[in-house]
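*Asks:*
Numbering (the working numbering), first residue to last: 1 to 624.
(1) Within 8 Å, do at least three Cβ pairs link the region 500 to 518 to the region 463 to 479?
(2) To which residues of the same chain is residue 339 closer than 7 Å at the C-beta, ignoring the five residues directly before and after it?
(3) Is the region 349 to 360 close to the region 380 to 388, with three or more CB pairs under 8 Å?
(4) Following the continuous beta strand (DSSP E) through residue 128, name the residue where it begins and the one where it ends.
(5) Tell me whether residue 479 is buried or exposed, calling it buried when 16 or more other Cβ atoms sit within 10 Å of its Cβ.
(6) Tell me, which residues are paired with residue 421 by DSSP?
(7) From the DSSP secondary-structure annotation, give me the bridge partner or partners of residue 307.
(8) Apart from the five residues on each side of it in sequence, which residues of its chain come closer than 6 Å, Cβ to Cβ, to residue 426?
(9) Would you report the Cα separation of residue 628 and residue 138, rounded to the nearest angstrom?
(10) Quick check on the DSSP output: the alpha helix (DSSP H) that includes residue 603 runs from which residue to which?
(11) On the premise that residue 365 lies in contact with residue 333, defined as a C-beta separation below 8 Å, what is that separation, rounded to the nearest angstrom?
(12) What's the call for residue 70, buried or exposed, on a 16-neighbour Cβ count within 10 Å?
(13) Would you call the CB atoms of residue 553 and residue 546 closer than 7 Å?
(14) Closest to residue 48 by C-alpha separation, out of 20, 517 and 124, would be which residue?
(15) Just tell me which of 237, 269, 234 and 262 has its CA closest to the CA of residue 227.
(16) Excluding the 5 residues preceding and the 5 following residue 210 in the sequence, name in chain order all residues of the same chain whose CB lies nearer than 7 Å to its CB.
(17) Per DSSP, what kind of secondary structure is residue 611 in: helix, strand or coil?
(18) Short check: CB of residue 280 to CB of residue 239, under 7 Å?
(19) Specify whether the region 577 to 595 and the region 534 to 544 touch according to this definition: at least 3 beta carbon pairs, one from each stretch, less than 8 Å apart.
(20) Please report how far the alpha carbon of residue 360 lies from the alpha carbon of residue 595, in whole angstroms.
(21) Tell me the rounded alpha-carbon separation between residue 146 and residue 80.
(22) For chain C, is any of its Cβ atoms less than 7 Å away from the one on residue 440?
(23) For residue 409, tell me which candidate among 601, 496 and 451 has the shortest Cα-Cα distance.
(24) Excluding the 5 residues flanking residue 571 on each side, which residues of the same chain have their C-beta closer than 8 Å to its C-beta?
(25) Between the region 30 to 48 and the region 112 to 124, can you find at least three pairs of beta-carbon atoms closer than 8 Å?
(26) Please report the Cβ distance between residue 286 and residue 307, rounded to the nearest whole angstrom; I am assuming they are in contact, meaning their Cβ atoms lie under 8 Å.
(27) Quick one: residues in its chain with C-beta nearer than 7 Å to the C-beta of residue 476, no 5 flanking neighbours on either side, listed in chain order?
(28) Which class does residue 511 belong to by DSSP, given the choice of helix, strand or coil?
(29) Excluding the 5 residues flanking residue 13 on each side, which residues of the same chain have their C-beta closer than 6 Å to its C-beta?
(30) Would you give the residue range spanned by the alpha helix (DSSP H) that residue 589 belongs to?
(31) With a threshold of 8 Å on Cβ separation, who are the neighbours of residue 447 within its own chain once the five nearest residues in sequence on each side are excluded?
(32) Measuring CB to CB, does residue 225 end up less than 7 Å from residue 277?
(33) If you draw a straight line from the alpha carbon of residue 300 to that of residue 396, how long is it in whole angstroms?
(34) Between the alpha carbons of residue 241 and residue 234, how many angstroms are there, rounded?
(35) Rounded to whole angstroms, what's the CA-CA distance from residue 625 to residue 449? Just pull it up for me.
(36) Would you grab the beta carbon distance between residue 144 and residue 53 for me? Rounded to a whole angstrom, and I think it's under 8 Å.
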C-alpha cells in the first residue's frame with residue numbers, strides 16, 4: 001500500500017496545486033498567459049509582474065531567440081541579467097526564493113530561456129525581456145493564494161547586518177572613482193540601482209530575552225587577565241570592498257603577555273564585529289560571453305560573442321564604460337567557424353522535354369548531392385532546403401483539335417470502271433500532337449479515294465450504271481454510279497461530251513447508304529514527329545474508340561487497336577571529334593578533381609578531360 005501526503009498507510013490523499021494535502025485546488029488561483037506584443041525598440045521591456053506570495057513560478061520563452069529574460073525586484077535590485085550584463089545559467093536568490101535560470105544549448109536545442117522557482121515570494125518582482133529580435137512569445141504562470149486564504153508570513157527574520165537574499169547593499173562611495181562607478185551603472189539601466197544600505201554593526205542595541213539570567217561579572221580590579229585586540233583577520237577581498245574581523249587574545253593585564261584563554265572569562269570576550277576593508281574598486285576586466293551558434297551549418301561561417309567591461313565592488317559585478325579596460329587587450333567579438341565541410345547540389349542534366357505536346361505536363365532533370373571531393377553522396381549530406389527542383393510542371397498551351405480518320409473501306413464503289421473507296425473523318429481534341437489553336441481548319445482530309453476495275457459498257461443518252469456497294473459495311477456510307485452522255489450505235493456506244501446531254505435531267509451519281517449500325521471502331525491521328533534524331537527515338541499518335549454518333553466508346557475489339565507508339569530514327573549518333581582538343585599533361589585528372597576546368601588556362605591545357613566531364617554532367621555524349 002502507498003502512503004498518502006498525510007503520512008497514513010493506504011491513504012489516497014495527494015497534495016493539490018495549492019500545496020494543501022487532500023485539497024481540492026480551490027484555495028489558490030493559477031495565473032497564466034502569453035506575452036505576444038510586437039516590440040520595436042531594443043532594450044528592456046516589462047513582460048509581467050509577479051506578486052508577493054506567488055508560488056510555482058514558470059517564465060518560459062516559447063522558442064529560441066536572441067532575446068534574453070531578465071528579473072528585477074520592485075526595490076530596484078537586479079536579480080538576473082540586469083544592467084546589460086548577461087548572467088550564466090544557474091541558481092539565483094531573489095524575492096525570498098531561489099530562481100533556476102536555464103538557457104538551453106544554442107546549437108542543438110530549439111527551446112527558449114526560462115525562470116523557474118517554487119516560491120513563495122516575499123516581494124513584488126518584475127520580469128523583463130531584453131529585446132533584440134522579434135518576440136517569439138513568453139509564457140508565464142504562477143499560483144497565488146485565494147481570497148479566502150490567509151497568506152503565511154513570507155518575510156524571514158534576519159539579524160542586523162545579515163545579507164538580504166544573499167547580497168549586501170552598496171555603502172556610500174569612499175572616493176570619486178566609486179561615485180563614477182555608480183553613475184555608469186545607473187546610466188546603463190536608466191534608473192536607480194536601488195541598492196540596500198549596509199547595516200553597520202553596533203547600531204542596534206543588543207536584545208536579551210526576559211527569561212535570560214545575566215552572567216555575574218567578577219570585579220574588574222580582581223581580574224589579572226583580560227581580553228585584548230591584537231590584530232585583525234585577513235581581508236576577504238583584495239579589492240572592491242571585503243570584510244575582516246578583530247582578533248582577541250587573553251593577556252596579562254600588567255605585562256600584556258599572551259596567555260591561555262582559560263585565564264580569561266569567556267563570557268566577557270568581545271564579539272568580533274565585521275569591518276569593511278580594501279574599499280578601493282578592483283581593476284576592470286573584460287567579461288567574455290559565450291559564442292553564438294555558427295551562422296552556417298556547414299562551410300565557413302561567423303559566430304559572435306558579447307564582450308563587456310566589468311568591475312567588482314561589494315560582491316557585485318557592475319558594467320562600466322569600456323575605457324576602464326583600456327589597459328587590457330580586448331578579446332575578439334567575432335570569429336570564423338566551420339561545423340563541417342559542405343556538400344553541394346549539382347544539376348547534372350538539362351530539363352527533359354515536356355511529357356505532353358500540349359496542355360499541362362511535367363519535365364525532369366537529374367539533381368545530385370556532390371561532396372567536395374566530387375563524389376555523389378546521399379541527399380541528406382546537402383541542405384535539403386536548398387535542393388533545386390528535379391521535377392516541375394510545364395504548360396505547352398491549350399491542346400488543339402485534330403482530324404481523326406478511320407481506315408479506308410475495303411470495297412470499291414464500282415464493280416467496273418472508276419469508283420471510290422471511303423473513310424470517316426471527324427474533328428476532335430488532340431492530346432499528343434500540337435496543331436494550330438484555331439481548330440482543325442479548312443484542310444479537311446478527303447473522305448474518298450479513287451479506285452478502278454475493268455472498263456464498263458455504256459448506254460445511249462445519259463447512261464446510269466448500277467449503284468455500287470455501300471462504301472461501308474456498317475454505319476453511314478455512300479454509293480456511286482457512272483452517269484455519262486452516250487450515243488448508241490449498232491452494237492456500240494459513243495461517249496459524248498456532257499454538254500451534249502445538258503438539256504436532259506442528269507441522274508444522281510452518288511447517294512448515301514446505311515446498311516446496319518457499326519457499333520464502335522478505332523480512329524487514330526497522324527504520327528507525331530520523332531522524339532530523337534538518332535540513337536532511337538519514338539513517335540506517337542492518339543487512338544480512340546468511337547461509336548456511330550462519334551462519341552467515346554469502350555466496345556472496340558482491343559486486338560484490332562492500332563499502335564499508339566512506335567520506334568523511329570534508330571541509327572547511331574555520330575559524335576563530333578575535335579582533333580585540336582587534347583590533354584597536354586599526364587595528370588589532368590587532378591585538374592578535374594580540383595574543379596579547375598572553369599579557368600581558361602586549365603580548360604585549354606586539359607581540353608579532353610575537361611570536355612569529357614562537361615559532356616558527362618550535361619548528359620550528352622556528343623553534339624546532335
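Think of the CB as a built atom: it goes at the ideal place given N, C-alpha and C, for glycine as much as any other residue. Just so it is clear, the structure is predicted and the values come from calculations on it, not from any experiment.
*Replies:* For this structure:
(1) yes
(2) 294, 297 and 298
(3) no
(4) 125 to 131
(5) buried
(6) 449
(7) 288
(8) 404 and 550
(9) Residue numbering for the chain in the displayed model covers 1 to 624; residue 628 lies beyond these limits and cannot be assessed.
(10) 600 to 605
(11) Their Cβ separation, rounded to whole angstroms, is 44 Å, which puts residue 333 and residue 365 out of contact at 8 Å.
(12) buried
(13) yes
(14) 124
(15) 269
(16) Interpretation of residue 210 is limited by its pLDDT of 38, a score under 50 that renders its predicted location unreliable; no figure is taken from the coordinates.
(17) helix
(18) yes
(19) no
(20) 38 Å
(21) 29 Å
(22) Of the chains in the structure shown, none is chain C; there is only one protein chain.
(23) 451
(24) 534 and 535
(25) no
(26) 6 Å
(27) 512 and 514
(28) strand
(29) 4, 5, 6, 21 and 22
(30) 588 to 593
(31) 422, 423, 424 and 425
(32) no
(33) 43 Å
(34) 13 Å
(35) Nothing about residue 625 can be reported from this structure: the residues present for the chain run from 1 to 624 only.
(36) 6 Å
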